[in-house]
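Q:
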Amino acid sequence: MQFDRRSLLAGAASAVVTTPLAGCATNGAANRADGAERALTPEPARPLSATSVYVPGYMPNKARANGLPLSADRYFARNISDPDRPFRLLTRIGMDGQTRQALLPAAGHDVEISPDRSVGVLCGFEAADQVAFDPDTLDLTAVAPPVSQGWRGGGHAAYLADNKTVVMSERAPRQSLRLGNVKSHHGRITIRDVDTLKIRGSYSTYGIDPHDIRLIENDRYLVIANYGSLPSPGNRRLDVPRHVHEACVTIVDMDSGKLVDKRITDRRRSELRHLAAGGLDRIFAIQARLGSEADLARELGWKSEVLGADITSEPSIAYMAAATLKMAKGKAPKRMGGRQDIAEMRHGLSIRYDAKYDQALASYPSAHRLMVFDAASGSVLHSIDTRGMGLKYPCGITLLPDGVHYAVTGFWENLFVFERGSHRLNREACLYPVFFGHSHITAA
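Count the sequence shown with my numbering and you get residues 775 to 1218, in order.
Rendered as C-alpha cells:
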C-alpha cells in the first residue's frame, strides 16, 4: 500500500502541522550538519542527571522480588493480565541513580521514546503484540496486534518528528521460499498512531525479515536492515548456518513508500541485522553469521578456551566473525576495519552514528568488544576490550542527551559511561543495575 505522508499525518490529528521535507544532502559535510541518525536540529544539551536509559530485559523469569517471581508481585506485574503470554522486564535507569522496573506484555527487543518524551514503545520481536508505555511510570498505555494475522514484530521502531506517528518493522509469516514469489516474504513498515498504536497505513520493506530501521534526512527516507534468511524447503525453522536468500539494506521514500535504493549484502550465510545512519552516504550495517560451537572453535583456535562460553548466544549456536559494512550511494558495500578487526566482529549488535565526531560506535558482545569507526573512511579508530574495565558482553549503546557522553551496557548487568570523541571511561558516572539479558538501550 502506497500513501501520501502529508495526507496521512494531517489525518492523524487536526492540530498536527507537518514541516517541509529537506532536500537530500549531496555530501558528507551536509549530512553531518543535519545531525545524528535523524537529520533534525539538535536539542539543547540536557544535564546528565536528567537523563534516563531504558533497557528491555529478556529473562524476567530469572528475577525475584522477596523470594517470588516478578510475575507474582503486584507492583512489578501491574501491566500483566495474562502471565502465559510473553512479557519482558523494562528497566528505566535514571542517571541520577534512581531505577524503576515493570513487566510489559510483549516479547520486547528495543525501546524507542517519542521526541517530546510523552510516550514510548517496547518493540515486539518474533511475536504478535506491540505495546506503548508511559516513560516516567512505565505503566502500559496501549497494546496492538500486528499488521495481519500470522505476522511477527520486527523488533524496532522510529518516531517521526511530529510526535504523532511511529513506524515499526514487521515480518511476514515464516515459510520456505515459494517458487518465483519472493515478494510474498517481504516485510512491511506499519505507520501507527503513537497513543493507541492503531495502524494508519503500511508499505513494503522490499526485503525479507526486516529488523532495525532509521529515519534520515529530516524524516525523508527510512533505512531498513533486512535479515534475508528463509527456512530450507519443508522446514519452518531456520537452519544453522542460515540459508540467506537476500540480506540487504533498503531505503524507502517516506512520502510515497517507493523503493529508493536496495543494497544486497549477502546471498549465502551472513544476515543483515542492525544499522546506523546519518545520511545517504553515512549508512553502517552490522552482519551476523551463525555456526556451531565446533565451527567457532575451529575459527578461533586457542582463543576459544580464553573467551569461554558465550552467554549471549543460544545453546549449540555460535556467532562467527562477520564484517560490519559501510554503504554510500552508488558504491558497493565496504568492509570496515582490517583483517584482525573483522575477526573480533562476532555478534555485532548495537551501532550508533555520532554526527558530532563523524564516528560510528558498535558493540560485539561475543568478543567483549566496543569498536569506534571513522565514518568517512570506515577504518577502526579504537578497538576496546571491555573486560578489563569490568564490562562483560557489551550490548546496548546510546548517545546521552548531554551531548558529551554515551552509555554502553553489559548483556546481564552494568551501565558504563564514556566520553564522546575521546572514548575515555567516566568511572564516576557508571551505574551497576541488573537487566537480566538485553540487546539495546535508549536514552531520553
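Don't be surprised by glycine CBs; every beta carbon is placed ideally from N, CA and C.
Label Pro1168 either buried or exposed according to how many other C-beta atoms from any shown protein chain fall within 10 Å of its C-beta, with 16 as the threshold for buried.
A: Numbered from its first residue, the sequence shown carries residue 1168 at position 394. By the 10 Å Cβ count, Pro1168 comes out buried.
Q: Determine the contact status of Met1110 and Gly1152, defining contact as a CB-CB distance below 7 Å.
A: For the purposes of this step, residue 1110 is taken as residue 336 along the sequence shown, with counting starting at 1. For the purposes of this step, residue 1152 is taken as residue 378 along the sequence shown, with counting starting at 1. Taking 7 Å as the Cβ cut-off, Met1110 and Gly1152 qualify as a contacting pair.
Q: Quick check: the stretch 1180–1187 against the stretch 1152–1166, are there 3 or more CB pairs under 8 Å?
A: Contact between the stretch 1180–1187 and the stretch 1152–1166 is present, because at least three Cβ pairs lie under 8 Å.
Q: Determine the DSSP secondary structure at Asn1200, reduced to helix, strand or coil.
A: Counted from its first residue, the sequence shown places residue 1200 at position 426. Correct three-state label for Asn1200: coil.
Q: Pull up the DSSP beta-bridge partners for Phe1190, would you.
A: The sequence position of residue 1190 within the sequence shown is 416, counting from 1. According to DSSP, which records beta bridges pairwise, Phe1190 is partnered with Val1182.
Q: Measuring straight from C-alpha to C-alpha, what distance separates Asp1013 and Pro1005?
A: The residue given as residue 1013 occupies position 239 in the sequence shown. The residue given as residue 1005 occupies position 231 in the sequence shown. Approximately 7 Å, taken between the alpha carbons.
Q: Figure out for me which residue from Ala935, Leu864 and Phe1190 has the closest Cα to the Cα of Pro889.
A: Position 115 of the sequence shown, counted from the first residue, corresponds to residue 889. Comparing Cα positions, the closest option is Ala935.
Q: Given a cut-off of 7 Å, decide if Gly927 and Phe907 are closer than it, judged by their beta-carbon atoms.
A: Numbered from 1 along the sequence shown, position 133 holds the residue referred to as residue 907. Numbered from 1 along the sequence shown, position 153 holds the residue referred to as residue 927. Cβ distance not < 7 Å, so Phe907 and Gly927 don't count as in contact.
Q: Under the rule that 16 or more other beta-carbon atoms within 10 Å means buried, what is Ile965, buried or exposed?
A: By 1-based counting over the sequence shown, the position of residue 965 is 191. Ile965 is buried by the Cβ-count criterion.
Q: I'd like to know if the stretch 1009–1023 and the stretch 1038–1055 are in contact, where contact means that at least 3 CB-CB pairs between them fall below 8 Å.
A: Yes: at least three Cβ pairs fall under 8 Å.
Q: Quick check on the DSSP output: the alpha helix (DSSP H) that includes Arg1072 runs from which residue to which?
A: As a position in the sequence shown, residue 1072 is number 298, starting the count at 1. Glu1067 to Leu1074 is the extent of the alpha helix (DSSP H) around Arg1072.
Q: Considering Asp1148, what are the terminal residues of the alpha helix (DSSP H) in which it resides?
A: Translated into positions along the sequence shown, residue 1148 becomes position 374. From DSSP, Asp1148 is part of no alpha helix (DSSP H) but of the beta strand (DSSP E) over Arg1143 to Asp1148.
Q: What's the C-alpha gap between Val968 and Ser855?
A: Along the sequence shown, one-based indexing puts residue 968 at 194. Along the sequence shown, one-based indexing puts residue 855 at 81. The straight-line gap from Cα to Cα measures roughly 22 Å.
Q: Using the rule of at least 16 other Cβ atoms within 10 Å of the residue's Cβ for burial, across every protein chain shown, is Glu886 buried or exposed?
A: Within the sequence shown, numbered from 1, the residue matching residue 886 stands at position 112. With 16 or more other Cβ atoms within 10 Å, it is buried.
Q: The beta strand (DSSP E) spanning Val872 covers which residue range?
A: As a position in the sequence shown, residue 872 is number 98, starting the count at 1. What sits at residue 872 in the sequence shown is Gln, not Val. Counting along the chain, Gln872 falls outside any beta strand (DSSP E), and DSSP gives it neither H nor E.
Q: Does any C-beta atom of chain C lie closer than 7 Å to the C-beta of Leu1155?
A: The structure shown contains no chain C; it is built from a single protein chain.
Q: Going by the DSSP bridge assignment, what does Asp1159 pair with across the sheet?
A: For this step, residue 1159 is matched to residue 385 along the sequence shown. DSSP output for Asp1159 lists Arg1143 as bridge partner(s).
Q: Alpha helix (DSSP H) containing Gln1114: first to last residue?
A: Against the sequence shown, residue 1114 aligns to sequence position 340. It spans Arg1113 to Ala1117 - the alpha helix (DSSP H) in which Gln1114 sits, taken as one unbroken run.
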